[in-house]
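All remarks here apply to the structure that follows.
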Amino acid sequence: MTTITFITPDGARHDIDARDGQSVMQAALAADLDGIIGECGGSMMCATCHCYDDEGRTGPRSDGEDEMLESAACEVTPQSRLSCQIKVSAEMEGLVIRLPQSQL
Amino acid sequence: MSVVIIGGGHGGFQVAASLRQDGYAGQVTLISAEAALPYQRPPLSKAYLKDGIADALHLRPASFYARNGITLRLGTRIARIDRAAAAVITDQGEAIAYDHLVLATGARNARPPVPGLDLPGVLGLRDLDDAQRLRGAMSTARHAAIIGGGFIGLEFGAVARGAGLGATVIEAAPRLMARALSPQMSGRFATLHRDMGTELCLGRLAVEVLEAEGRAAGVRLDDGTRVHADLVLLAAGVVPNTELAQEAGLAVANGIVVDKHLRSSDPAIFALGDCATFPCRRMGAPLRLESVQAATDQARAIARTIMGQPAPYDALPWFWSDQGPHKLQIAGACLPSDAAVPVGDNIVIRFRDCHMTGVETINAPGVHMAARKLLATGLGPTQADAAAAGYDLRALAAERKATV
């Protein structure tokens, strides 16, 4: 298990135990966190699991992720990721993920 | 006030979730015949067959429903709709009253009149139970015969090949995914599947499932060919689940007939997703879409209408299908007669009356997204404009954005 802290748009922090190998999107959904939709289930067909990795700890974007991010509902910054494309691993212990105001 | 939703698939779930998100204060009851919490279906023919992790499929955990005041009735079958009493009746005789009823009953596998389809070893792939059985069968099978060269059959074929099984796809039409794709893209996928080692029997009918020792042992084709297989997947299209609607006297024609607000012929009853036929402005014809995205977009439109802010369903249809390493993406609603202009091997642009109506791509997410933007508001660019831009849709989308 790896602990990830999600910061929701209201500023609240939520510590969530994520299973290694899960995506950050799956971990958020499994923990019943509002703020991530994940409409396409992680197939990189939508941009409703947009998040910000402000510390830049999750590595480079995957192929096609840039294009999908273009349709995100909120501002896309260099820290923007699609959380379905971030695989949880032990090195991510303490990762902080900030969620945008909206996903649709 | 109360909303009752029959069907716990993507669309049914989304109606419940959107109602709460939009601030609906009445009762929300989501009824599913399945025992499992509502789950994602697209991975059943892909990731789930590989990893077998059912928990990862749940759309939301159980706490979501409790937290949002959504009454989940799992393992509950509805026997009929009593429109006069505005209630649905379970097969146990219990009445559940509604002010608004949403039919999200989905579709089931079509069963062509082929002898032997009931033999052990013949499987379908519609729900989690099916996927669990199929996954179990794959662990011992050596060769899969797949009846139907549509999305599910081909996705499964690619997974089967990846797992080391032989695969033969039997398709009655002369080309793959013929209902949804241009002939050029069908042809491209035929090449890609043959390159993966899948055998294709196009324009061939399955006429009998062969039997050996009480189990399926293959499929006989209309030209006499015998495809030997220890696993047979039936994936020859679906039939919308319209019986409840029909028995309740609602209009049904290849799906429950709804208007642009997804209302059936009874204004208190909506229908969505695989089981509903809506008037498609883009095609100028009634259309029934079998896709997650259509079901969830329709669900959001129904929630808004119930909330007193009716917005017609007019979202651009889009779709994807992962077939091995090849991600097919389709944007738009095309008629079979729409012109098809191939741009290289992996892009086909469709046109009708000189306007772009759809785009089919393989592993080209940027082009797909550009197409979605260009088609979102209705009329796509003209063929002349597209040709002048060298059919570079990303450039066209960027240009259009700059001029708006």
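So the sequence lines, in the order shown, correspond to chains A and B.
Take the first sequence: its letters are residues 357 to 460, numbered as in the working numbering.
Take the second sequence: its letters are residues -4 to 399, numbered as in the working numbering.
Even glycine gets a Cβ: it sits at the ideal position worked out from N, Cα and C.
Since we're looking at a predicted model, the values are computed, not measured.
Is it buried or exposed for A/Ser458, if we count other Cβ within 10 angstroms and need 16 for buried? By 1-based counting over the first sequence, the position of residue 458 of chain A is 102. So A/Ser458 counts as exposed.
Could you confirm whether any beta carbon from chain B is found closer than 9 Å to the beta carbon of A/Met357? Here residue 357 of chain A is taken as the residue at index 1 of the first sequence, counted from 1. Cβ-Cβ to chain B under 9 Å: no for A/Met357.
If I measure Cβ to Cβ from B/Ile142 and keep anything under 8 Å in the same chain, skipping five residues before and after, which residues do I get? Along the second sequence, one-based indexing puts residue 142 of chain B at 147. For B/Ile142, where only same-chain residues beyond five positions count, the Cβ hits under 8 Å are Pro107, Val109, Gly148, Ile165, Ala201, Val214, Val227, Leu228, Leu229, Ala230 and Ala231.
Is B/Pro331 buried or exposed, if buried means 16 or more other CB atoms sit within 10 Å of its CB? By 1-based counting over the second sequence, the position of residue 331 of chain B is 336. B/Pro331 should be labelled exposed.
Would you list the one or two residues that DSSP bridges to B/Gln318? Counted from its first residue, the second sequence places residue 318 of chain B at position 323. Answer is B/His321, bridged to B/Gln318.
Put B/Ala12 into one of helix, strand or coil per three-state DSSP. Counted from its first residue, the second sequence places residue 12 of chain B at position 17. Helix at B/Ala12.
Between the Cα of B/Ala290 and the Cα atoms of B/Asp261, B/Ala211, B/Asp269 and B/Arg277, which residue gives the shortest distance? Within the second sequence, numbered from 1, the residue matching residue 290 of chain B stands at position 295. Considering only alpha carbons, the answer is B/Asp269.
So what does DSSP say about B/Pro312, is it helix, strand or coil? Reading the second sequence from its first residue, position 317 is the one you call residue 312 of chain B. Looking at B/Pro312 - three-state DSSP - the assignment turns out to be coil, as it is neither helix nor strand.
Which residue marks the beginning of the beta strand (DSSP E) containing B/Thr135, and which one marks its end? Your numbering for residue 135 of chain B matches position 140 in the second sequence. Looking at the DSSP string, B/Thr135 is not in any beta strand (DSSP E), and its letter there is neither H nor E.
Check for me: the alpha helix (DSSP H) holding B/Asp46 runs from which residue to which? Walking along the second sequence from the start, residue 46 of chain B turns up at place 51. That run of the alpha helix (DSSP H) goes Ala42 to Asp46.
Excluding sequence positions up to five away, which residues of its chain have a Cβ less than 7 Å from the Cβ of B/Met180? Locating residue 180 of chain B in the second sequence gives position 185, counting from the first residue. Result list for B/Met180: Val343 and Glu355, in chain order.
Could you tell me which chain B residues have their CB closer than 7 Å to the CB of A/Glu431, listed as they occur along the chain? As a first step, residue 431 of chain A must be located in the first sequence, where it is residue number 75. Listed by position along chain B, the residues whose Cβ is nearer than 7 Å to that of A/Glu431 form an empty set, because the closest Cβ is around 16 Å away.
Give me whichever residues DSSP pairs with B/Asn104 in a beta bridge. Position 109 of the second sequence holds residue 104 of chain B. Answer is B/Val233, bridged to B/Asn104.
Buried or exposed by the 16-neighbour rule on C-beta atoms within 10 Å, applied to B/Cys329: As a first step, residue 329 of chain B must be located in the second sequence, where it is residue number 334. Looking at its Cβ environment, which holds 16 or more other Cβ atoms inside 10 Å, B/Cys329 is buried.
What does A/Met401 reach in chain B if we use C-beta pairs closer than 7 Å? Indexing the first sequence from 1 puts residue 401 of chain A at position 45. What A/Met401 touches in chain B, judged by beta-carbon distance under 7 Å, is Trp315, going in chain order.
Can you tell me which of B/Arg103, B/Asp217, B/Pro33 and B/Glu203 puts its alpha carbon nearest to the alpha carbon of B/Ser58? Residue mapping note: residue 58 of chain B aligns to position 63 of the second sequence, counting from 1. Selected option, being the one with the closest Cα: B/Pro33.
When you compare the CB of B/Arg299 with every CB in chain A, is at least one pair closer than 9 Å? Walking along the second sequence from the start, residue 299 of chain B turns up at place 304. No, because no Cβ of chain A sits closer than 9 Å to the Cβ of B/Arg299.
Local conformation of A/Arg369 per DSSP, three classes: Locating residue 369 of chain A in the first sequence gives position 13, counting from the first residue. DSSP places A/Arg369 in strand when its eight states are reduced to three.
Answer yes or no: does any C-beta atom of chain B fall closer than 9 Å to that of A/Glu411? Taking the first residue of the first sequence as position 1, residue 411 of chain A is located at position 55. Chain B, which has no Cβ nearer than 9 Å to the Cβ of A/Glu411, makes this no.
Assuming contact is defined by CB atoms lying nearer than 9 Å, are B/Val10 and A/Gly397 in contact in what I supplied? Numbered from its first residue, the second sequence carries residue 10 of chain B at position 15. Numbered from its first residue, the first sequence carries residue 397 of chain A at position 41. Contact: no.
Could you name each continuous beta strand (DSSP E) segment of 3 residues or more that falls completely within the stretch 174 to 199 of chain B, going from the start of the chain to the end? 194 to 197
Taking only beta-carbon positions, decide if A/Leu455 is within less than 9 Å of chain B. Counting from 1 along the first sequence, the entry for residue 455 of chain A is found at position 99. So no, A/Leu455 is outside the interface.
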